[in-house]
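Q:
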Amino acid sequence: MLRFVLVRLLQSIPVLFTVITATFFLIRQAPGGPFDADKPVIPAVKRALEAKYNLDLPMWQQYLNYLGDLLRGDMGPSFKYPGWAVHDLILSGLPATAELALYALLVAIIVGVLAGVCAALKPNTAQDYIPMSVAMLGICMPTFLLGPLLVLVFGFWLNWLPISGWGDLPGDKIMPSITLGAAYAAYVARLTRGGMLDVMSQDYIRTARAKGLPERVVVFKHALRGGLIPTIAFLGPAFAGLLAGSFVVETIFQIPGLGRFYVQAAFNRDYTMILGTTIFLSTLIIFFNLLSDLLATWMNPKLRHQLRGQSV
Amino acid sequence: MFRLIVFASFIVFSVTACVQGDSNVERGNRTQVLHIGNNAEPQGLDPHQVTGVNESYIVLALFEGLVSKHPATLEIQPGVAESWTVSDDGRVYTFSLRQNAKWSNGDAVTAHDFVWSWWRGLQPALGNQYVFMYFPIKNAERFFNGEVSDFSKVGVTAIDDFTLRVELANPTPYFLQLLDHYSTFPVHRATIEKWGEPDESYTRWTRPQNMVTNGPFELDDWRLNKHLIVRKSQTYWGADKVRLNKIVFYPYEVGPNEERLYRAGQLHYTSETSIDRLPWYYENKPHHVSIAPYAGTYIYRINNKKPHLKDKRVRQALAMSIDRETLIRTVLNGLFTPAYSIVPPGLLGYQPPQVFAYDPSAARNLLAQAGYPNGKGLPEIELQYNSSEQHRKIAIAIQQMWNKELGIKVRLQNKDWKVYLDDEATGNYEISRGSWIADYVDPNTFLDMWVSDSGINRTGWANPNFDKLVLKDAPSAKTRKARYKHFYDAETLLISDMPFIPIYTYSSHHFIHPSVNGMPPNIMNYYNWRYVYLDADWRAEPK
Amino acid sequence: MTVGNVIMDAEPGASLWADAWRRLKKNKLAVFGLLVLSVLIVIALLAPWIAPYGYEQQNLELGATPPSFAHWFGTDLFGRDMLTRVLYGGRVSLAVGLIATFVALVIGVTWGTIAGYLGGRTDAVMMRIVDALYALPFIIFIILLMVVFGRSVLLLFVAIGAVEWLTMARIVRAQVLSIRNQEFVEAARAMGLSTPHILAKHVVPNSLGPIIVYATLTVPQVMLLEAFLSFLGLGIQPPQSSWGLLISHGANVMEDSPWLLIFPGLALSLTLFALNFLGDGLRDALDPRVSKD
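Printed below as a string of structure tokens:
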């Protein structure tokens, strides 16, 4: 177990390094720079700005400087918001976005797994069709549509829930969490149903049933383990996707999160901010993919020996 | 299990069906707290560094320059300067500062503050993008460029604590206008030096606990992506006339989201209306809609260097075959005014020439004369615009008009903002959406952008006569009438050559709650917050 | 069961597919899904002949009107016929949805199977590459693609395929890991079958469940992603449209002109439902374990 995690953490160092390097050089190739505007900046001012942010140095030197600063924990100032350091901005948005992603993930897992298991227990009956149809609607309903729709129904018509904010009024976290989680819940439901169906026809389930174990035990103790493998493989990147995808939801519900910074940094060519958010995101992706792989291995009795023995 | 899910969701919803309190608007009206939609998170609050419109609204609440403007007429009125005199040759301004003008920490605002602030504003390393606002001042441009190193040679001196003398290089009729631009506002020296070097950006002097300002409001709270609150300043010289206790600026992006928040009573004011929703408001809440002409022009730049667009008859044909009236009435819900010139009509009394009109048959003739009868032989033209719902709609309608009237094939291409700017600046386009919003109230701001070496021209068009009229004749004109005549001649030259196509004059358009007073519409979309107040007894009928 | 599997799979591949087709035909819902999908594709292909109006044909004075006899799906802001635009939009969306998903499917399944089956260092390297690709800033990646290769519809498929295969690869790998040590695979190895043979004949068929489910889920996602890429300037440009674009524009006016949202939304949902029924049917039909029933 420990070895498995350690090996993976060691592997993540070159991954992170590759991502940083590739991002650093890629973003410089995109047309337009951070100080380009409709009204062009006076050349002397632009030179001064570039000198201030060391953008006038050779690329390799900028790169080494950046790595050096990064090792000292400094992600540099944001070009778009000159009054703030990149880590200020990330830290200011992180709590709301992380919380939102977590709730959305909970929505996705609870609703998705329940619906998927329900459906798989009685395939091709109403108990299958109804939750699966709802799930499919969830997939067809992009967040930019579901959010405003929920706002109209629960905010304006029923007047049950606040239509914006995060932690300002009771209940204002419900609609954003559902909006962001819905599509993922639908994915989880479909994947869980498929996974469960695969497993339910396997020998060890038949054996368990033949032993006369109650259906509940069969389903939750035995079948779920194998049936959730695709779901878990999906959830690793899904969590990171939730963080990155929270942009739309944050905009609809006016949540002071990270998603807006992440997306706008790319459009603003805010180099340091792009790098900062990318480093942050890739760390999360590595972490959650590791967690997901760990969980998948642990849940699969046939693979559990891997956690003890050989490398991944 | 299925039943369990139904039950669980029922529980969730019944728990959350909570009672909601008063809206921001209702509460704000009782306590004089104004809630403003401000489109985006401010880049910063340093008057010498920010560039955007939304930043300017906050900065105008926090700071005050030598002069300010009347909220409705935009006439210059005293600010920190109580009065001023202008020498006969129009080159020397002497300002008498108020003795009771104070910084929010109690310090007096003195002439020395202005001298130091303008010195700071001219530091190249600061990256002041509006530094050209200082350039009418004697030697300011040369100091900025390093040709003059002694700041005492620059035409700004403190005669005593409360007398400021400004000497200009040339008479500049709109100089006072520039003094209400935030880039010429004073900043508090001790505070800035406490938190870093004068020309350092990236310092903490603009944080709520640190910031010292001289305007009618001071910084109260700033939460990124959530809100920025200013509260009434007790040290402001006119504090007894300021009626709002607080202004809350929200970085809510314009569009349907902002409209929903307005409808729910969370905002007194939206930074724009939502065009799609306008018909509903016209019908149901007409007294919540404010539309007024705005000193800006929506244009299509034409790349005059492309072989098939070199011929001005092609460009004229394109301009004359756009049915602006129909476009605006249908696609844009009547929001704007058709434009046939670059300077909006009536800007400070200036009337632009009417060189052309909508005339599809004349357009067809011109195109035929240019060698492309019914568009035959003319290659497909690419029209680029930066990704936005409104630009897209306009382009779709015009694409069809050109196709129908002239037989021209047009390919639309949206680009992300920076790619679009880059392609426009490097001439990698054929036709490109553009716009210009006045920096100050004077026709000059719309015309000097088209001189041959201007970085904003970007069309490849150049005309020495035009340059001479705008750069030499107009500034040295003795009277406003003579000056406007030069502008008129210059604009006639410009529009006849049609290096770009004027499409419409902008409007400022907002949803604004009837309880808000003192924010009259004006062509600069300018607000003077010290005049604003909320009327808790507003009545729902139109005023 | 395992022995039966090996023996059955050792038969020529053609009979596997023939068997599957025979079973699929028995599944009414799957046949229905296939039928609906075929009809949608045929309609999309025939759009230029069956559409009542031109898709770019405007009538500004008419503007947005609700459904009527002249315009069954109503008209949009420019007075364009929505039925026509939904028909034409289907051409783009179905093409993008099916082709890009196929690209993602091929790359993802190949990558995931190899990584999962070979394991060890190969697996580690391959999956860390996936991790790194997840992390690259997508918007910048798309902008660079356009700068280097220009803006073509072909590029749209590449761009979408290039990102959508990642999760597919992870799911396939996880599934392959869980079956690679099962008896029937070990039996195949013991029989001395080559690795490609084992992968193609035993490993992939036994992972088809999640593959098909995820592939059907990818289609609508891809259709909506296309709308976002069009926003970045890649992909189709007005007056052309797609379901994704129609939906995203319709969402802005859902209170004032709901028909602009409902009809493209229905088209997309219908496609997804059909795909899912077909996908579930295919999964059942191809499941080697139920084959002897």
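Chains A, B and C, in that order, are what the protein sequence lines are.
Quick note on the numbering used here: the first sequence kicks off at 359 and runs consecutively.
Quick note on the numbering used here: the second sequence kicks off at 3 and runs consecutively.
Quick note on the numbering used here: the third sequence kicks off at 4 and runs consecutively.
Here a beta-carbon is modelled for each residue, glycine too, at the ideal position from N, C-alpha and C.
Here the structure is a predicted model, which is why all the values come from computation and not from measurement.
Mind listing the chain C neighbours of VAL333(B)? Cutoff is C-beta to C-beta under 8 Å, in chain order.
A: The answer, in chain order, is LEU63, LEU80, PHE81.
Q: Between PHE145(B) and LEU124(B), how many whole angstroms is the CB-CB distance? I'm expecting something under 8 Å.
A: Confirmed, about 6 Å.
Q: Can the beta-carbon of LEU211(C) be found less than 8 Å from the beta-carbon of TYR120(C)?
A: Not closer than 8 Å, so no.
Q: What would DSSP say about THR96(B), mapped onto helix, strand or coil?
A: Note: THR96(B) maps to strand in three-state DSSP.
Q: Which residues bound the beta strand (DSSP E) around PHE502(B)?
A: Segment 502-513, the beta strand (DSSP E) holding PHE502(B).
Q: If I follow the unbroken alpha helix (DSSP H) through GLY267(B), where does it start and stop?
A: Run containing GLY267(B): none; DSSP gives neither H nor E here.
Q: Under three-state DSSP, which class holds THR215(B)?
A: If DSSP states are grouped into helix, strand and coil, THR215(B) belongs with coil.
Q: According to DSSP, LYS474(B) sits in a beta bridge with which residue or residues?
A: For LYS474(B), which the question treats as bridged, DSSP gives no partner whatsoever.
Q: Once you ignore the five residues that flank GLN318(B) on each side, which residues in its own chain have a CB closer than 6 Å to its CB?
A: Here the set comprises LEU368, MET500.
Q: Less than 8 Å between the beta carbons of GLY501(A) and LEU616(A), yes or no?
A: Here residue 501(A) turns out to be Thr, not Gly, going by the sequence shown. No; because the gap between Cβ atoms is not below 8 Å, this pair is not in contact.
Q: Could you give the DSSP three-state label for ASP313(B): helix, strand or coil?
A: It is coil, neither helix nor strand.
Q: Check ASN416(B) in the structure and name its three-state DSSP category.
A: Residue state, collapsed to three classes: strand.
Q: What ranges does the beta strand (DSSP E) occupy inside the segment 166-235 of chain C, keeping only unbroken runs of at least 3 residues that lie completely in it?
A: Complete beta strand (DSSP E) runs here, min 3: none at all.
Q: Where do the ends of the alpha helix (DSSP H) carrying GLU84(B) lie?
A: Run containing GLU84(B): none in the alpha helix (DSSP H); it sits in the beta strand (DSSP E), 83-88.
Q: List the DSSP bridge partners of THR159(B).
A: THR159(B) pairs with ARG167(B).
Q: Note down the Cα distance separating ILE613(A) from LEU504(A), rounded to an integer number of angstroms.
A: In a straight line, the C-alpha of ILE613(A) is about 16 Å away from that of LEU504(A).
Q: The beta strand (DSSP E) with ARG435(B) in it runs from where to where?
A: Looking at the DSSP string, the run of the beta strand (DSSP E) that includes ARG435(B) is 433-439.
Q: Select from the segment 114-144 of chain B all residues with a C-beta closer than 8 Å to any C-beta belonging to chain A, and list them in chain order.
A: Taking 8 Å as the Cβ-Cβ cut-off against chain A, the residues of the segment 114-144 of chain B that qualify are PRO126, ALA127, LEU128, GLY129, ASN130, GLN131, VAL133, PHE134.
Q: Hey, does THR170(C) have any beta-carbon neighbour from chain A nearer than 8 Å?
A: Yes - at least one Cβ of chain A is within 8 Å of the one on THR170(C).
Q: Under 8 Å between C-beta atoms, does LEU281(C) make it to chain A?
A: Not closer than 8 Å to any Cβ of chain A, the Cβ of LEU281(C) fails to qualify, so no.
Q: Cβ of ILE214(C) less than 8 Å from any chain B Cβ?
A: ILE214(C) does not count as touching chain B.
Q: For TRP246(C) and GLY92(C), what's the separation of their Cα atoms in angstroms?
A: About 5 Å.
Q: Looking at the unbroken alpha helix (DSSP H) that takes in PHE489(B), where does it start and where does it end?
A: 482-499 is the extent of the alpha helix (DSSP H) around PHE489(B).
Q: What does GLU59(C) touch in chain B if you count any residue whose Cβ is under 7 Å from its own?
A: Under the 7 Å cutoff, chain B gives GLN402.
Q: What would DSSP say about HIS580(A), mapped onto helix, strand or coil?
A: HIS580(A) falls in the helix class under three-state DSSP.
Q: Given this structure, state the Cα-to-Cα distance separating ARG262(B) from GLY529(A), to the nearest angstrom.
A: Rounded to whole angstroms, ARG262(B) to GLY529(A) spans 18 Å at the Cα level.
Q: Quick check on this structure: which residue in VAL412(B), PRO362(B), VAL518(B), LEU408(B) has the alpha carbon closest to the alpha carbon of GLN386(B)?
A: The candidate whose alpha carbon is nearest that of GLN386(B) is VAL412(B).
Q: Assign TYR284(B) to buried or exposed, taking buried as 16 or more other Cβ atoms, counted over all protein chains shown, within 10 Å of its Cβ.
A: Burial call: exposed.
Q: Quick test of the definition: if touching needs 3 or more C-beta pairs under 8 Å, does the segment 503-520 of chain A touch the segment 463-480 of chain A?
A: Cβ pair count under 8 Å is below three, so no.
Q: Nearest CA to the CA of VAL150(B): which residue from GLY157(B), VAL158(B), ASN141(B)?
A: Considering only alpha carbons, the answer is ASN141(B).
Q: Based on Cα-Cα distance, which residue from GLY81(B), TYR360(B), LEU408(B) lies nearest to GLY373(B)?
A: Nearest C-alpha to GLY373(B): LEU408(B).
Q: Leaving out the 5 sequence neighbours to the left and right, which residues in its chain are closer than 6 Å to ALA466(A) when beta-carbon positions are compared?
A: Contacts found: GLY539, TYR542, ALA543, VAL546.
Q: Within 10 angstroms of its Cβ, does PRO223(C) collect 16 or more other Cβ (buried), or is it exposed?
A: The residue is buried, with at least 16 neighbouring Cβ atoms inside 10 Å.
Q: Check the Cβ of ALA135(C) against every Cβ in chain A and list those closer than 7 Å, keeping chain order.
A: Going along chain A in sequence order, the residues near ALA135(C) (Cβ under 7 Å) are VAL373, THR376, VAL377.
Q: Spatial neighbours of LEU249(C) within its chain, please: C-beta separation below 6 Å, excluding the five flanking residues on both sides.
A: Same-chain partners within the cutoff: GLY92, PRO267.
Q: Looking at the C-beta of ARG436(A), does it have a partner C-beta in chain C at a distance below 8 Å?
A: Residue identity check: residue 436(A) is Ser in the sequence provided, not Arg. No - not a single Cβ of chain C is within 8 Å of the one on SER436(A).
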